[in-house]
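Residue numbers (UniProt numbering): 1 to 730.
Pasting the structure below:
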């Protein structure tokens with residue numbers, strides 16, 4: 001069954017789906033977006049991907065006609081459950097997925113050019129690729145169409161369970177509904193504002209022009225540092241003038257607008273230039289101009305998120321007589337560029353990696369109250385609303401953001417646009433950098449133990465860092481609580497940048513990040529959105545790990561999980577007494593729920609037992625792992641001390657020689673009950689500090705000390721006399 005998620009105020013974007021009709025809906029997915037047209041394909045049930053047809057061309061006018069059809073709605077289709085499970089690394093499915101992607105990726109890049117999407121070129125490119133890789137043409141074509149059918153996600157190349165064979169595939173309806181097939185190349189992009197003075201720009205960049213741009217830029221980079229803006233001007237006066245002398249003469253005479261704009265030049269360089277490391281080191285995208293806001297442009301909230309990771313200026317140590325330094329956490333911060341809204345904040349003791357970045361992304365669009373209540377932090381969804389998944393993610397050039405796993409997961413699997421900053425441009429993310437600086441200062445000013453304000457670069461700041469290390473915090477939750485308090489305070493106070501946005505002033509919206517973010521999501525149209533649904537993103541961002549299933553219980557990290565839904569109950573009932581390993585998905589910030597992926601139905605859901613949840617209360621899995629070695633040390637110390645005490649208590653002691661005790665004999669039940677009661681009374685008197693009376697003992701003279709051996713001998717004789725009487729009475 002298809003799950004369609006409508007998106008209000010949406011605009012055409014890659015991966016977006018247009019639903020036509022309500023009773024018997026059809027779904028049209030946008031695969032390519034150009035200035036004058038779009039390419040789209042009909043989609044439906046997952047099993048119909050085998051019979052998908054190639055994307056066909058729609059003019060902008062025709063698309064607008066379809067959008068205005070009664071019942072037409074923009075939205076997103078949820079991925080099948082089988083495609084939301086990323087295969088484990090180095091597994092057979094992962095190797096098959098990599099092999100399929102290596103076949104399809106060059107074709108997908110070639111089809112980014114509009115001319116290659118025609119019927120003849122589309123087939124020719126697939127035939128050439130199939131011949132070069134010794135692959136079946138039909139298989140390669142189906143793989144490519146599956147890639148577009150499921151929203152251009154790399155996971156769409158994974159095999160699906162056997163489905164129902166459809167009777168036909170409705171791909172030819174577009175042609176009949178839209179009419180003309182005529183197409184003539186025209187200039188892409190918006191016209192200049194100088195069109196009214198210099199006329200319309202009709203120059204179309206050819207492949208020869210692109211080759212000139214790339215070759216000229218490389219020649220300039222070989223001579224030294226070059227800015228793109230400078231290279232663009234020199235290109236117009238050099239290769240372009242020689243190839244198009246008449247057009248250049250008209251441009252110099254102010255008879256026509258600029259033939260190739262800076263934006264076009266940058267676009268073709270980014271797309272076609274493959275620079276070696278030594279050449280890329282000399283490339284500058286723009287001059288350093290402090291105070292300019294050109295690099296911080298976003299059309300609205302939820303479109304561009306800035307992300308950064310930094311080492312926290314606080315220490316975490318163990319709480320014992322000889323404290324051990326656990327380390328300093330890494331702080332991950334995600335902010336919305338347009339509204340300055342803090343989307344997510346995450347503290348981790350693990351090394352910086354994409355695995356930690358995915359937790360920060362997952363925090364962004366899940367319930368704050370549910371997520372942080374296990375840590376004992378008071379926060380709700382009203383003071384800190386949930387965010388939506390961005391269309392563009394802007395990181396810096398940290399190793400965790402430039403790694404291959406980051407690019408593969410964000411670009412190919414999550415279908416987000418990744419725009420890392422070029423080298424030596426630290427001001428490209430000024431918003432999140434400034435916020436992190438203020439966060440560190442706020443944590444230092446909170447009087448929390450273990451924090452320090454400035455980087456230790458001189459004797460004074462180094463001394464402050466050493467003092468912070470000596471009186472550090474003992475729980476990562478304390479640091480997390482201060483960070484969340486700062487995020488809430490930042491999101492709910494006025495921001496000077498929002499005061500300059502006249503659109504908020506006209507709408508009567510207070511210039512605070514939270515209100516601006518929520519208002520913009522609801523009222524600003526034409527924003528870029530992520531192509532997948534929130535449900536798909538939540539599944540794709542869950543961490544992978546191993547657990548064991550046996551006797552109806554899943555055990556993970558020495559904790560028990562019980563089934564919470566029907567499929568989990570069935571899986572637990574089929575489990576054997578002997579445990580077997582299973583692949584699980586979980587949110588490490590909220591480990592009370594784990595999932596076991598299944599290909600055909602919903603995922604099996606298991607919940608942590610109450611006792612295990614109580615043991616973990618107030619701790620994160622990262623913090624628990626960081627304290628593992630210290631916990632093992634405490635266990636070893638306690639075990640060693642207790643063993644020594646037991647051995648010492650069992651050491652033999654010298655006893656005075658005395659008469660041998662007679663063997664115990666059985667007596668009547670009444671005598672036994674009387675003796676039991678007497679022993680119980682004596683024990684109670686001893687527990688309250690009273691001495692036991694002995695009426696049969698002879699009276700002691702004042703000042704005399706009784707002989708305990710004589711007393712013991714008299715008691716023994718009385719017991720023997722009593723036993724003899726019992727025997728004679730029988």
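By construction, the Cβ of each residue, glycine as well, lies at the ideal position given by its N, Cα and C atoms.
{"Check": "Alpha helix (DSSP H) segment containing residue 566, residue limits", "Outcome": "566–574"}
{"Check": "Reduced DSSP category for residue 149 - H, G, I as helix; E, B as strand; rest coil", "Outcome": "helix"}
{"Check": "Cα-Cα separation, residue 130 to residue 53", "Outcome": "18 Å"}
{"Check": "Bridge-paired residues (DSSP) for residue 543", "Outcome": "586"}
{"Check": "DSSP bridge partner residues for residue 608 (one or two, in chain order)", "Outcome": "561"}
{"Check": "DSSP three-state assignment for residue 734, whether helix, strand or coil", "Outcome": "Limits of the chain in this structure are 1 at one end and 730 at the other, which puts residue 734 out of reach."}
{"Check": "Residue 311 versus residue 55: straight-line alpha-carbon distance, rounded", "Outcome": "47 Å"}
{"Check": "Distance between beta carbons of residue 11 and residue 37, contact taken as under 8 Å", "Outcome": "Their Cβ separation, rounded to whole angstroms, is 15 Å, which puts residue 37 and residue 11 out of contact at 8 Å."}
{"Check": "DSSP state of residue 41 mapped onto helix, strand, coil", "Outcome": "strand"}
{"Check": "Contact set for residue 367: own chain, Cβ-Cβ below 8 Å, skip 5 residues either direction", "Outcome": "381 and 386"}
{"Check": "Closest residue to residue 535 among 24, 85, 491 and 633 (Cα-Cα distance)", "Outcome": "85"}
{"Check": "Per-residue DSSP class, three states only, for residue 78", "Outcome": "coil"}
{"Check": "Residues that residue 809 bridges to, as DSSP identifies them", "Outcome": "Nothing in the structure corresponds to residue 809, since the chain is present only between 1 and 730."}
{"Check": "Any 3 or more C-beta pairs closer than 8 Å across the region 32–47 and the region 548–557", "Outcome": "no"}
{"Check": "Host beta strand (DSSP E) of residue 32 (start-end)", "Outcome": "26–33"}
{"Check": "Outcome for residue 98 when other beta-carbon atoms lying within 10 angstroms are tallied against a minimum of 16", "Outcome": "exposed"}
{"Check": "Residue 406 burial status per 10 Å Cβ neighbour count (16 or more: buried)", "Outcome": "buried"}
{"Check": "Pair within 8 Å by beta-carbon distance, residue 431 and residue 306", "Outcome": "yes"}
{"Check": "Where residue 297 sits in the DSSP three-state scheme", "Outcome": "coil"}
{"Check": "Exposed unless 16 or more other CB atoms sit within 10 angstroms - verdict on residue 46", "Outcome": "buried"}
{"Check": "Per-residue DSSP class, three states only, for residue 178", "Outcome": "Any reading at residue 178 needs caution, since the residue's pLDDT is 46, under 50, leaving its predicted position unreliable; the model's value is listed next. In this structure, residue 178 counts as helix in the three-state DSSP scheme."}
{"Check": "Alpha-carbon to alpha-carbon, residue 252 and residue 732", "Outcome": "The first residue shown for the chain is 1 and the last is 730, placing residue 732 beyond what the model contains."}
{"Check": "Buried/exposed call for residue 523, threshold 16 Cβ in 10 Å", "Outcome": "exposed"}
{"Check": "DSSP bridge partner residues for residue 5 (one or two, in chain order)", "Outcome": "76"}
{"Check": "Segment contact flag, the region 97–117 with the region 61–79, C-beta cutoff 8 Å, min 3 pairs", "Outcome": "no"}
{"Check": "Exposure of residue 173, with buried meaning 16 or more beta-carbon neighbours within 10 Å", "Outcome": "Reliability fails at residue 173, whose pLDDT of 47 lies under 50, so the model's placement of it is uncertain and the value that follows must be treated cautiously. Exposed, because fewer than 16 other Cβ atoms sit within 10 Å of the Cβ of residue 173."}
{"Check": "In DSSP terms, what residue 335 is bridged to", "Outcome": "306 and 342"}
{"Check": "Proximity below 8 Å, CB of residue 149 to CB of residue 213", "Outcome": "no"}
{"Check": "Per DSSP, cross-strand counterpart(s) of residue 330", "Outcome": "311 and 348"}
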